[in-house]
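Asks: Chains as they are written, first to last, in this note's numbering: chain X, 1 to 204; chain Y, 1001 to 1103.
The beta-carbon is built from N, C-alpha and C at its ideal position, and this holds for glycine as well.
Because the structure is a prediction, the values reported are computed rather than measured.
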Amino acid sequence: MMNRFLVTIATVVATLTALPAFADSPFTGKTGPLKFEVDTAKSSFAFNADTAAEKVGGVAKGITGSFSIADAANAESTTGTITVATAKMETGNATRDEHMHSAEWLNAAGHPTITFAISKVSDLKVAGATATGKAHGKFTLNGITKDIVTPVEIKYSAEKNMVKVTTDLKVPLLDHGIKGKGGAVGDKVAAIVNVKCTLFGVAK
Amino acid sequence: MADAKSQLKTVIAILVVADVLIFGGWYAMWSQVPPGSRSWFYQTSYYAESGEKDDFGDAKPAEEVKKFTPGLIDMALPASFAVTAASVGWLILARRKAQKQQG
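#1: Can residue 185 (chain X) and residue 174 (chain X) be called in contact, C-beta distance under 8 Å?
#2: May I have the straight-line CA-CA distance separating residue 74 (chain X) from residue 25 (chain X), to the nearest angstrom?
#3: Under three-state DSSP, which class holds residue 186 (chain X)?
#4: With a threshold of 7 Å on Cβ separation, who are the neighbours of residue 16 (chain X) within its own chain once the five nearest residues in sequence on each side are excluded?
#5: In this structure, does DSSP put residue 124 (chain X) in helix, strand or coil?
#6: Which same chain residues end up closer than 7 Å to residue 37 (chain X) when comparing Cβ atoms and leaving out the 5 residues on each side of it in sequence?
#7: Throw me the rounded Cβ distance for the residue 47 (chain X) and residue 195 (chain X) pair, which I believe falls under 8 Å.
#8: Report yes if the CB atom of residue 1059 (chain Y) is closer than 8 Å to the CB atom of residue 1066 (chain Y), and no otherwise.
#9: Is residue 1039 (chain Y) close to chain B? Criterion is C-beta to C-beta, closer than 8 Å.
#10: Quick one: which chain Y residues come within Cβ less than 7 Å of residue 198 (chain X)?
#11: Measure from the alpha carbon of residue 95 (chain X) to the alpha carbon of each residue in Y:1063, Y:1087, Y:1041, then state which is nearest.
#12: Using a Cβ-Cβ cutoff of less than 7 Å, which residues in the same chain neighbour residue 133 (chain X) once the five nearest sequence positions on both sides are dropped?
#13: Does any CB atom of chain X fall closer than 8 Å to the CB of residue 1064 (chain Y)?
#14: Cutting at 6 Å between CB atoms, please list the residues of its own chain near residue 156 (chain X), excluding the five before and the five after it.
#15: Helix or strand or just coil, what does DSSP make of residue 1039 (chain Y)?
#16: Run the CB neighbour count on residue 1073 (chain Y), radius 10 Å, all protein chains shown included, and call it buried at 16 or more, exposed below.
#17: State the Cα-Cα distance for the pair residue 1018 (chain Y) and residue 1064 (chain Y), rounded to the nearest angstrom.
#18: Below 8 Å on the Cβ atoms is my contact criterion, and I expect residue 1039 (chain Y) with residue 54 (chain X) to pass it. Report the Cβ-Cβ distance as a whole number of Å.
#19: Quick one: Cα of residue 181 (chain X) to Cα of residue 167 (chain X), how far?
#20: Around the C-beta of residue 1027 (chain Y), are 16 or more other C-beta atoms found within 10 angstroms, so that it is buried, or is it exposed?
#21: Which runs of the alpha helix (DSSP H) spanning at least 4 residues fall entirely within the stretch 84-125 of chain X, listed in chain order?
#22: So that I know if they touch, is there some Cβ in chain X lying closer than 8 Å to that of residue 1013 (chain Y)?
#23: Helix, strand or coil: how does DSSP classify residue 82 (chain X) here?
#24: Since residue 189 (chain X) and residue 51 (chain X) should fall inside the 8 Å C-beta cutoff, what is the C-beta to C-beta distance between them, to a whole number of angstroms?
#25: For a quick check, are the C-beta atoms of residue 49 (chain X) and residue 56 (chain X) less than 8 Å apart?
#26: In chain order, what residues of the stretch 1018-1034 of chain Y put their CB closer than 8 Å to some CB of chain X?
#27: Can you round the beta-carbon distance between residue 82 (chain X) and residue 199 (chain X) to whole angstroms, since I take them to be within the 8 Å contact cut?
#28: Excluding sequence positions up to five away, which residues of its chain have a Cβ less than 7 Å from the Cβ of residue 141 (chain X)?
#29: Looking at the structure shown, is residue 49 (chain X) part of a helix, part of a strand, or coil, going by DSSP?
#30: What does residue 59 (chain X) touch in chain Y if you count any residue whose Cβ is under 8 Å from its own?
#31: Are any of the Cβ atoms in chain X nearer than 8 Å to that of residue 1044 (chain Y)?
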């Protein structure tokens, strides 16, 4: 009788000790490394900026990239790279798009890609299959790379073996050498561009 | 003099009808775009939430809707200005012609 009681206690203690290994991750039930490739068709990179006339919004088509999680039990080990073709950023107005892609703005010819390389995730709070925290990484725009920390949400669907990563970036144009025509940035065009990045990753 | 008055009335009528058509047509198309996606400039597409759910049960991100919408600043106002300029120009030429004929 005593032995059975001790075995039960030992089992409960062992289970409780093992739980924290999964408490830092939304990838419930997964172990070891995981890799996801960005689903270009479903993912979205939407941006908006205030200008003198109105708020201009648009999207970037054709997002590519991948995410790796070194240890499924620890989502803080998430790394990844997202790449957006500068020339594929569109606002729905061809004239405005042409200006936006020009050398005075995003310089699509000189710097054809915008990248966000995530090096780690910190301050994770996990609730079920959802984790929120801060993504640390390097954001490259107009050929200038800056270290950034941005809020991130990671959701995992065990059923679909799919991950969704959402982040809101605040991109300071002047830090990336973008001054606009006649120094419009910070004057007629807001110095900060808001980007909402919604990425769907399918397991590789 | 009566002829000049008649010409002025014609020009005003043309301007009123033209502006009603231009701005009415612009507003009719512009107002069909959801408020957050409207622009004062022409658009060949805009981005709006469809209300559908994604694979995680969340609202899908804004999607592209391909639809032409004329711009107030770059289409309606210049069109109105062009019609006004043409009408006033015609009026001035007509009056000069009338003055020459009288002289």
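Replies: Reading it off the structure:
#1: Yes, they are a contact pair.
#2: Approximately 5 Å between the Cα atoms of the pair.
#3: Coil, per DSSP.
#4: Note that residue 16 (chain X) scores a pLDDT of 46, beneath 50, so its modelled location is shaky and nothing firm can be said.
#5: Residue 124 (chain X) carries a strand assignment under DSSP once its states are collapsed to helix, strand and coil.
#6: Excluding residues within five positions, the ones whose Cβ falls inside 7 Å are 66, 201, 202, 204.
#7: Contact holds; Cβ gap of about 5 Å.
#8: Going by C-beta atoms, residue 1059 (chain Y) is not nearer than 8 Å to residue 1066 (chain Y).
#9: In the structure shown, chain B does not exist; the protein chains are X and Y.
#10: Correct list: 1061.
#11: Of all alpha-carbon atoms in Y:1063, Y:1087, Y:1041, the one lying nearest the alpha-carbon of residue 95 (chain X) is that of Y:1041.
#12: Result list for residue 133 (chain X): 121, 122, 123, 124, 125, 152, in chain order.
#13: Interface residue, yes.
#14: 26, 27, 129, 163.
#15: If DSSP states are grouped into helix, strand and coil, residue 1039 (chain Y) belongs with coil.
#16: The residue in question, residue 1073 (chain Y), is exposed, as its Cβ has fewer than 16 Cβ neighbours within 10 Å.
#17: Taking the straight line from one Cα to the other gives about 32 Å.
#18: Between residue 54 (chain X) and residue 1039 (chain Y) the Cβ distance is about 6 Å, and since that is below 8 Å, they are a contact.
#19: Spanning the alpha carbons of residue 181 (chain X) and residue 167 (chain X) requires a straight line of approximately 29 Å.
#20: So residue 1027 (chain Y) ends up on the exposed side.
#21: Runs of the alpha helix (DSSP H) inside the stretch 84-125 of chain X: 94-101.
#22: So no, residue 1013 (chain Y) is outside the interface.
#23: Residue 82 (chain X) carries a strand assignment under DSSP once its states are collapsed to helix, strand and coil.
#24: Right, the Cβ-Cβ distance comes to about 5 Å (below 8 Å), so this counts as a contact.
#25: Less than 8 Å separates the beta-carbon of residue 49 (chain X) from that of residue 56 (chain X).
#26: Answer set for the stretch 1018-1034 of chain Y: empty.
#27: Distance from residue 82 (chain X) to residue 199 (chain X) at the Cβ level is roughly 7 Å; contact confirmed, criterion being Cβ atoms closer than 8 Å.
#28: 114, 171, 176, listed in sequence order.
#29: It is a strand residue.
#30: For residue 59 (chain X), the residues of chain Y that pass the 8 Å Cβ criterion are 1047, 1062, 1064, in the order they occur in the chain.
#31: Chain X, which has a Cβ nearer than 8 Å to the Cβ of residue 1044 (chain Y), makes this yes.
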